[in-house]
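First to last, the protein sequences are chains A and B.
In terms of the UniProt record's numbering, the first sequence opens at residue 1 and continues consecutively.
In terms of the UniProt record's numbering, the second sequence opens at residue 1 and continues consecutively.
Think of the CB as a built atom: it goes at the ideal place given N, C-alpha and C, for glycine as much as any other residue.
Written out below as structure tokens is the structure these notes cover.
Protein chains: 2
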Amino acid sequence: MKTLIIVSHPEIENSQTQQFLYQGSKLDNVTWNHVEEINEINIKQEQQLLTDADRIIFQFPLYWYSAPSGLKNWEDTVLTRNFIYGDKSFPLEDKEFGLVVTTGLPLKDYQKGAAENYSLDELMTPFRAIADKAKMKILPIFTVQQFWYKTELMQMELLIDYQRYLTQDMPDSLANKQIWFEKKLQEMSLDSDTADERSVELILDNFLNRTEELEQLNDTLSMIKENEED
Amino acid sequence: MKTLIIVSHPEIENSQTQQFLYQGSKLDNVTWNHVEEINEINIKQEQQLLTDADRIIFQFPLYWYSAPSGLKNWEDTVLTRNFIYGDKSFPLEDKEFGLVVTTGLPLKDYQKGAAENYSLDELMTPFRAIADKAKMKILPIFTVQQFWYKTELMQMELLIDYQRYLTQDMPDSLANKQIWFEKKLQEMSLDSDTADERSVELILDNFLNRTEELEQLNDTLSMIKENEED
């Protein structure tokens with residue numbers, strides 16, 4: 001599976017969050033495409049990137065309840081009518097569409113009655129409308145809230161969740177998580193020289209927890225089945 | 001009352017709709033500010049325009065379910081945190097905030113189950129969120145749908161409705177309409193040389209219809225009152 005991240009941030013080199021996510025995105029079959037770095041948008045080239053991908057992600061900090069203008073400029077230029085839905089052809093049909101939104105405020109502020117009064121889901125409607133028009137499959141939003149308040153451990157957890165959002169099969173079910181962690185552990189054991197001990201530990205923790213959960217689930221299911229057979 | 005229109009359209013000289021609205025906007029106390037024409041945004045100057053206005057309107061064609069990137073760039077530059085809500089001061093508090101949105105599709109397409117599946121109200125959420133944050137009063141959206149299909153008469157009606165949206169007291173009640181049409185007729189009779197006969201006719205029609213409506217309403221109210229007294 002190929003993943004394309006369309007990143008928008010006008011001062012990305014000063015953004016700790018984006019730099020951190022950039023490090024996390026260095027995975028096989030993941031392409032990082034920072035729109036503000038493009039000097040002159042080559043429409044065909046950008047459209048090719050989209051066509052080649054199986055999962056397309058727009059990633060940006062929330063600026064006035066939307067993406068920075070750089071992303072809108074990219075959209076207005078690259079997403080020509082014919083490329084999205086013209087001539088009854090849908091080049092992006094069935095690809096997955098995700099959003100990675102970083103916020104300075106905690107997520108709980110984005111709801112009726114809270115400081116922001118609108119949910120991220122409501123605010124992201126224009127992006128979902130594009131994905132709908134292109135007949136893409138919409139993934140839940142991945143939110144990075146208040147990155148600078150996070151401890152190192154929280155950051156490591158965020159990194160793994162982010163990598164899962166980029167590369168794990170969806171929906172984000174227990175079974176799909178399990179498969180992803182297994183594969184990740186295999187890769188790391190093959191490549192033990194470069195593996196960060198911390199992240200191996202975290203992944204192992206996560207993996208073992210999931211395994212326990214799965215076992216418990218299996219036990220419960222067996223019990224129910226036995227009872228039913230009584 | 002002063003009205004400021006922040007207009008965004010990357011090719012405004014080729015837009016029949018925007019040129020038409022531009023002609024309509026030539027009224028006393030109405031400022032037309034086309035953001036794509038600004039070479040280098042002077043933040044203080046733009047903020048002063050906003051501070052001076054009583055009614056602020058964002059006007060644009062719907063590009064991918066939002067405004068063109070030029071407007072977002074203007075927002076991201078001009079609407080600094082402190083200007084909108086910082087330091088517990090709200091420079092735009094109680095001003096009115098309106099949206100003039102032009103669409104290539106009919107308005108009925110913007111609803112669940114129709115071609116676009118999202119209402120303009122939903123799509124405009126990010127703009128309303130800004131207005132809310134600034135403690136502004138939100139006006140209903142003024143939509144211009146499929147301008148090129150309109151007959152000359154429909155265009156004249158649109159022009160008058162647009163001018164009312166720019167300058168009439170809100171809410172858009174019968175009483176406020178009445179006052180606006182009376183004032184407009186007075187102005188036109190004073191300035192009869194330049195008055196377009198067609199628009200005088202239309203305004204008179206509108207005015208007389210309203211007067212009839214008002215009279216009927218009065219009659220009905222009187223009848224109800226009489227019956228109650230029986």
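Going by beta-carbon coordinates alone, are residue 9 (chain B) and residue 91 (chain B) separated by less than 8 Å? No, Cβ-Cβ distance for residue 9 (chain B) and residue 91 (chain B) is not below 8 Å.
Secondary structure, beta strand (DSSP E): runs of 3+ residues fully inside the UniProt domain "Flavodoxin-like fold" (1–147) of chain A: 3–7, 30–34, 55–61, 96–103, 142–145
Extent of the continuous alpha helix (DSSP H) to which residue 154 (chain A) belongs: Its alpha helix (DSSP H) spans residues 152–167.
Give the residues of chain A in contact with residue 118 (chain B), contact being defined as C-beta atoms less than 7 Å apart. 125, 129
Short Cβ contact (8 Å threshold) for residue 138 (chain B) with residue 97 (chain B): Yes, Cβ-Cβ distance for residue 138 (chain B) and residue 97 (chain B) is below 8 Å.
To the nearest angstrom, how far is it from the Cα of residue 130 (chain B) to the Cα of residue 65 (chain A)? 7 Å
Just the Cα atoms here: how many angstroms apart are residue 231 (chain A) and residue 3 (chain A)? Summary: the structure shown does not reach residue 231 (chain A), with chain A confined to residues 1 through 230, and so no result is reported for it.
If contact means a Cβ-Cβ distance below 7 Å, which residues of the stretch 44–71 of chain B contact chain C? As a matter of chain content, chain C is missing from the structure shown, whose protein chains are A and B.
Compute the distance between the beta-carbons of residue 79 (chain B) and residue 58 (chain B), then report whether it is under 8 Å. No, Cβ-Cβ distance for residue 79 (chain B) and residue 58 (chain B) is not below 8 Å.
Counting only Cβ pairs nearer than 7 Å, list the residues of chain A close to residue 79 (chain B). 64, listed in chain order.
Compute the beta-carbon to beta-carbon distance between residue 120 (chain A) and residue 101 (chain A), rounded to the nearest angstrom, for a pair I have assumed lies under 8 Å. 6 Å
Tell me whether residue 116 (chain B) is buried or exposed, calling it buried when 16 or more other Cβ atoms sit within 10 Å of its Cβ. buried
Hey, out of B:106, B:85, B:34, B:110, whose CA is closest to residue 74 (chain B)'s CA? B:34
Note down, in chain order, all residues in the stretch 84–100 of chain B with a beta-carbon under 8 Å from any beta-carbon belonging to chain A. none
Quick check: the Cα distance between residue 24 (chain B) and residue 54 (chain B), rounded to an integer number of angstroms? Distance between the alpha carbons of residue 24 (chain B) and residue 54 (chain B): 19 Å.
Write down the C-beta distance between residue 147 (chain B) and residue 20 (chain B) rounded to the nearest angstrom, noting that I regard them as a contact closer than 8 Å. The C-beta distance from residue 147 (chain B) to residue 20 (chain B) rounds to 7 Å, short enough to fall under 8 Å.
I'd like to know if residue 122 (chain A) contacts chain B, where contact means its C-beta is closer than 8 Å to some C-beta of that chain. yes
Alpha carbon of residue 106 (chain A) to alpha carbon of residue 150 (chain A), nearest angstrom: 12 Å
Give me the chain B residues within the contact set of residue 40 (chain A), using Cβ-Cβ distance strictly less than 9 Å, ordered along the chain. Near residue 40 (chain A) there are no residues of chain B at all, since even the closest Cβ is about 15 Å away, more than 9 Å.
Sequence-distant residues of the same chain with beta carbon closer than 6 Å to residue 103 (chain A), five excluded per side: Around residue 103 (chain A): 62, 145.
So residue 132 (chain A) contacts chain B; which residues on that side make the cut at Cβ distance below 9 Å? 116, 117, 118
Which word fits residue 81 (chain A), buried or exposed, when buried means at least 16 other C-beta atoms lie within 10 angstroms of its C-beta? exposed
For residue 76 (chain A), count neighbouring C-beta atoms within 10 Å of its own C-beta (all shown protein chains included) and say buried if the count is 16 or more, exposed if not. buried
Below 6 Å CB to CB, which residues in the same chain sit around residue 36 (chain B) once its five sequence neighbours on both sides are set aside? 10, 70
Can you tell which of B:5, B:172, B:128 has the C-alpha that lies nearest to the C-alpha of residue 29 (chain B)? Distance check between residue 29 (chain B) and each of B:5, B:172, B:128 places B:5 closest, using alpha-carbon atoms only.
C-alpha distance - residue 161 (chain B) paired with residue 176 (chain A), whole-angstrom precision: 56 Å
Between residue 109 (chain B) and chain A, is the shortest Cβ-Cβ distance under 8 Å, so that the two count as touching? no
Measuring alpha carbon to alpha carbon, tell me which of A:51, A:122, A:174, A:26 ends up nearest residue 94 (chain A). A:51
So the candidates are B:205, B:203, B:187; which of them puts its Cα closest to the Cα of residue 27 (chain B)? B:187
For residue 128 (chain B) and residue 201 (chain A), what's the separation of their Cα atoms in angstroms? 46 Å
Taking all protein chains shown into account, do 16 or more other C-beta atoms lie within 10 angstroms of the C-beta of residue 168 (chain A), making it buried, or fewer, making it exposed? buried
Give me, in chain order, the residues of the same chain whose beta-carbon lies closer than 7 Å to that of residue 163 (chain B); leave out the 5 immediate sequence neighbours on both sides. Correct list, in chain order: 24, 27.
Which of the three DSSP states is assigned to residue 173 (chain B) in this structure? coil
Taking residue 87 (chain A) as the reference, give the member of A:134, A:44, A:126, A:205 with the closest Cα. The residue from A:134, A:44, A:126, A:205 with its alpha-carbon nearest to that of residue 87 (chain A) is A:134.
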